[in-house]
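Working notes, beginning with the structure itself.
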Amino acid sequence: MRSPAVIAAAVGAVALAGIGLLASRPDVVVLAVPLALWALIVARAEDKRAEDKRAEDKRAGREAPTDPIRIRALPDADPGTLVDEIVVDAPGEMAELEVVHSARRTRRAIVPGRAAITARTAVLHSGPVESTRVTGRALDRDAAAIGEEWASIVQRRSVAPAERALPQIPLAPRLTGLHGAHDGSRPGQGGDFRDIHPFAPGDELRRVDWRATARAARRPGELLVRRTNSLSDASVVIAVDAADDLGEVAATWGEDDLERSGTTSLDHAREAARSLATAAIADGDRVAYHVLVQGGRSVRGGTGSRHLARLVAAIADTGQAGDDSRYRRTPPVPHGSVIAVLSTFFDGAAAELALMWRAAGHRVIAVDTLPELDRARLSERQTLALKIVLAERDEVFRDLAAAGVERVRWDDDAALSLGIVARTRQGGGR
Numbered sequence: 001m002r003s004p005a006v007i008a009a010a011v012g013a014v015a016l017a018g019i020g021l022l023a024s025r026p027d028v029v030v031l032a033v034p035l036a037l038w039a040l041i042v043a044r045a046e047d048k049r050a051e052d053k054r055a056e057d058k059r060a061g062r063e064a065p066t067d068p069i070r071i072r073a074l075p076d077a078d079p080g081t082l083v084d085e086i087v088v089d090a091p092g093e094m095a096e097l098e099v100v101h102s103a104r105r106t107r108r109a110i111v112p113g114r115a116a117i118t119a120r121t122a123v124l125h126s127g128p129v130e131s132t133r134v135t136g137r138a139l140d141r142d143a144a145a146i147g148e149e150w151a152s153i154v155q156r157r158s159v160a161p162a163e164r165a166l167p168q169i170p171l172a173p174r175l176t177g178l179h180g181a182h183d184g185s186r187p188g189q190g191g192d193f194r195d196i197h198p199f200a201p202g203d204e205l206r207r208v209d210w211r212a213t214a215r216a217a218r219r220p221g222e223l224l225v226r227r228t229n230s231l232s233d234a235s236v237v238i239a240v241d242a243a244d245d246l247g248e249v250a251a252t253w254g255e256d257d258l259e260r261s262g263t264t265s266l267d268h269a270r271e272a273a274r275s276l277a278t279a280a281i282a283d284g285d286r287v288a289y290h291v292l293v294q295g296g297r298s299v300r301g302g303t304g305s306r307h308l309a310r311l312v313a314a315i316a317d318t319g320q321a322g323d324d325s326r327y328r329r330t331p332p333v334p335h336g337s338v339i340a341v342l343s344t345f346f347d348g349a350a351a352e353l354a355l356m357w358r359a360a361g362h363r364v365i366a367v368d369t370l371p372e373l374d375r376a377r378l379s380e381r382q383t384l385a386l387k388i389v390l391a392e393r394d395e396v397f398r399d400l401a402a403a404g405v406e407r408v409r410w411d412d413d414a415a416l417s418l419g420i421v422a423r424t425r426q427g428g429g430r
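Quick note on full-length UniProt numbering: the sequence shown kicks off at 1 and runs consecutively.
Next up, the structure:
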């Protein structure tokens with residue numbers, strides 16, 4: 001495609017030549033010569049490019065086309081910054097690029113036909129982000145020849161959330177595992193004191209409690225042994241409700257403006273999920289992860305550093321679900337698990353799952369991920385609507401508390417709140 005400058009040069013050359021001939025001014029005619037030569041050179045270059053394009057089209061069935069733009073992720077230099085390298089291989093002297101950072105800011109750049117530039121994008125939220133989107137077109141003959149616009153190339157990244165230290169997390173009331181770091185519900189070795197019991201075949205002589213035998217033996221020759229609990233691992237299930245992603249600035253709800261929204265509920269959910277998973281695996285417990293939406297990702301229960309890496313990758317890849325229906329899938333949960341349901345608990349669907357799991361005998365922790373709200377810039381009608389939905393949410397939490405579901409708000413004091421919940425009677429396994 002020819003630039004309007006070529007047409008302007010041709011028209012200008014004709015006009016100057018005509019004026020010079022009519023006015024008998026050879027100097028004016030001479031001014032038309034550079035414009036005419038430049039327009040002719042550009043036109044011939046366009047014809048040659050058209051022939052080359054037809055030849056390339058004939059070879060298209062035999063050779064794979066080369067993309068003029070490629071994007072590859074580079075190691076992040078600073079926390080909170082994503083670095084991408086944009087490699088340009090344009091069929092011209094130059095290329096005009098339009099670079100969009102995180103779907104927020106647009107930059108235009110003129111680069112050589114073969115070049116590599118670096119794009120740095122500030123990260124405002126964790127989770128899946130569109131770090132860089134690039135489109136462009138080739139420029140030739142000092143931008144007199146303009147190529148067709150290329151298809152957009154998008155680089156998507158998953159940003160891992162921050163990690164918060166949790167000294168204690170709640171456990172199920174009865175732990176039935178065969179190994180781990182917590183007191184189980186079965187007799188064995190390694191745990192705390194269980195009871196005093198008459199000696200039976202299979203008991204070790206070193207377990208005989210001579211003081212208890214001297215004090216409580218009922219007949220001569222009777223021995224009493226000191227029994228302990230076995231050590232057991234716990235099963236932790238993290239369930240994230242990704243139907244809503246509500247920011248702390250209430251005026252941005254429904255606008256999908258993540259730049260002005262502040263910290264969102266899914267930011268809190270991802271941070272809470274990673275913190276819980278890290279704390280549980282550090283204690284040798286098994287952790288499973290589920291996203292409670294249709295087609296949501298699941299990671300089966302496991303332990304160890306490799307499993308933690310899989311969990312962090314799944315958590316970083318968790319974004320808002322495109323389907324806003326009330327349906328939430330019900331993932332399988334191992335017997336005797338403690339389940340952490342991470343949600344804003346606005347529509348009640350996550351609360352219904354929590355009640356169902358609680359009725360099945362599991363210990364359920366409702367983790368409230370709604371951030372502290374900024375109610376500025378709300379109209380009177382919006383303020384009234386917000387009060388109504390918050391009142392309905394409080395009613396949901398009252399129903400959960402009545403069923404025995406414990407609530408923890410994910411804020412600056414979340415570690416302390418989880419420690420208090422971990423010491424309650426329901427969590428006596430710790």
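The beta-carbon is built from N, C-alpha and C at its ideal position, and this holds for glycine as well.
Q. What separation, rounded to the nearest whole angstrom, lies between the Cα atoms of T265 and E163?
A. A small fix is needed here, since residue 265 is Ser in this sequence, not Thr. Using only the alpha carbons, I get a separation of about 16 Å.
Q. Using DSSP with H/G/I as helix, E/B as strand and the rest coil, what is Q320?
A. Residue state, collapsed to three classes: coil.
Q: Please check if any C-beta of chain D sits within less than 9 Å of the C-beta of S261.
A: Structure shown: chain D not included; a single protein chain is present.
Q) To which residues does DSSP link M94 through a beta bridge? A) Bridge partners of M94: P112, L139.
Q: Can you check DSSP and say which residues form a bridge with A340?
A: For A340, which the question treats as bridged, DSSP gives the partners I238, I365.
(Q) Can you find the residues in the same chain that come closer than 6 Å, C-beta to C-beta, to R120, ignoring five residues on each side of it along the sequence? (A) T81, V83, listed in sequence order.
Q) Between the region 360-369 and the region 334-345, do three or more beta carbon pairs fall short of 8 Å? A) Yes, since at least three Cβ pairs between the region 360-369 and the region 334-345 fall closer than 8 Å, the two stretches touch.
Q.
Is the separation between the beta-carbon of D89 and that of R107 shorter than 9 Å?
A. Taking C-beta atoms as the reference points, D89 and R107 fail to come closer than 9 Å.
(Q) So the candidates are H101, L139, V123; which of them puts its Cα closest to the Cα of V111? (A) Measuring C-alpha to C-alpha distances from V111 to each of H101, L139, V123 identifies L139 as the nearest.
Q.
Quick check on the burial criterion: 16 or more other C-beta atoms within 10 angstroms. Buried or exposed for G245?
A. Before going further, note that residue 245 is Asp rather than Gly in the sequence given. It counts as buried.
Q: Identify the continuous beta strand (DSSP E) that holds I69 and give its terminal residues.
A: Residues 69-74.
Q) Residues in its own chain within less than 6 Å of V208 by CB, not counting five upstream and five downstream? A) Here the set comprises L223, V225.
Q: Compare the Cα-Cα distances from G301 to each of Q320, A272, P331, A316 and report the closest residue.
A: Nearest of Q320, A272, P331, A316 to G301, Cα basis: P331.
Q.
Check for me: the alpha helix (DSSP H) holding Q382 runs from which residue to which?
A. Note, Q382: alpha helix (DSSP H), 380-402.
Q. Rounded to a whole number of angstroms, what is the C-alpha to C-alpha distance between A234 and A277?
A. The straight-line gap from Cα to Cα measures roughly 12 Å.
Q.
Classify T118: buried if its beta carbon has 16 or more other beta carbons within 10 angstroms, exposed otherwise.
A. Flag for T118 reads exposed.
Q) Nearest CA to the CA of A288: which residue from R274, L22, A309, V236? A) If we check each option's Cα against that of A288, V236 comes out closest.
Q. What separation, rounded to the nearest whole angstrom, lies between the Cα atoms of R218 and F199?
A. For R218 and F199, the distance between alpha carbons rounds to 13 Å.
Q. G247 and T263 look like a contact to me (Cβ under 8 Å); what is the Cβ gap, rounded to whole Å?
A. Confirmed, about 7 Å.
(Q) G147 and R137 - do their beta-carbons sit closer together than 9 Å? (A) In this structure, G147 lies closer than 9 Å to R137 by Cβ.
(Q) Counting C-beta neighbours from all protein chains within 10 Å, is the total for H335 16 or more, i.e. buried, or is it exposed? (A) H335 sits exposed, since fewer than 16 C-beta atoms from the chains shown fall within 10 Å of its C-beta.
Q | Whether P128 touches R157 by CB criterion (9 Å) | A | Yes.
Q: Helix, strand or coil for L373, going by three-state DSSP, please let me know.
A: The answer is coil: DSSP assigns L373 none of H, G, I, E or B.
Q: Identify, in the order they occur along the chain, each residue of the same chain with its Cβ nearer than 7 Å to the Cβ of G12, setting aside the five sequence neighbours on each side.
A: Correct list, in chain order: L35.
Q. Considering only the beta carbon of each residue, do L166 and S275 sit closer than 9 Å?
A. Yes. Within cutoff.
(Q) Using the three-state DSSP reduction, which class does G262 fall into: helix, strand or coil? (A) Coil, per DSSP.
Q. Just to confirm, are residue 432 and A314 a CB contact at a threshold of 9 Å?
A. Outside the modelled stretch of the chain, which goes from 1 to 430, sits residue 432, for which no answer is possible.
Q.
Tell me the DSSP secondary structure of A162 in three-state form.
A. When DSSP states are grouped into helix, strand and coil, A162 belongs to the coil group.
Q) Is the beta carbon of V159 sitting closer than 9 Å to the one on D241? A) Going by C-beta atoms, V159 is not nearer than 9 Å to D241.
Q) Are the CB atoms of A17 and V29 nearer to each other than 9 Å? A) Yes, these two residues count as a Cβ contact at 9 Å.
Q: Keeping to the same chain, check which residues put their C-beta closer than 7 Å to that of A269; ignore five residues upstream and five downstream.
A: Here the set comprises V240, L342, T369.
(Q) Residues in the same chain with beta-carbon distance under 7 Å from E130, minus the five sequence neighbours each way, listed in chain order, please. (A) These residues qualify, in order along the chain: S102, A103, V154, R156.
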